[in-house]
């Protein structure tokens, strides 16, 4: 990951949001969202090569790639939920942030059942 870029974008975004908070508080949330989006783009571009390498390892190992895809989706839901909840908190609505976190946890639980089933089946084949 290009940590220096992320830190730079984060610091600049923080400064812009702080300046907007004083003069135009209604634009502060937009600055926070834009900063977060830029950071996500940097992270995702760095992460794509790692995901590809991990997928190659899974393919070479002969493991079920459904399990890999499911686990990747679970991690993605967790990160997106945390991002959305942070935006709600930054906007001053901790109640909505809590509901977003609850929805994310329930989604992860529901999406995790097939992954767990696949994992148990895989372990059963090994024994």
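Numbering (our numbering), first residue to last: 47 to 173.
Think of the CB as a built atom: it goes at the ideal place given N, C-alpha and C, for glycine as much as any other residue.
For this session: Kindly indicate which three-state DSSP category residue 172 falls into: helix, strand or coil?
Result: helix
Exercise. Is the region 139 to 152 touching the region 111 to 130 in the sense that three or more CB pairs, one from each, lie closer than 8 Å?
Worked result: yes
Exercise. Cα separation between residue 117 and residue 89?
Worked result: 18 Å
Exercise. Quick one: Cα of residue 122 to Cα of residue 70, how far?
Worked result: 33 Å
Exercise. Taking the continuous alpha helix (DSSP H) assigned at residue 51, which residues delimit it?
Worked result: 49 to 69
Exercise. Taking the C-alpha atoms as reference points, what is the distance between residue 75 and residue 87?
Worked result: 18 Å
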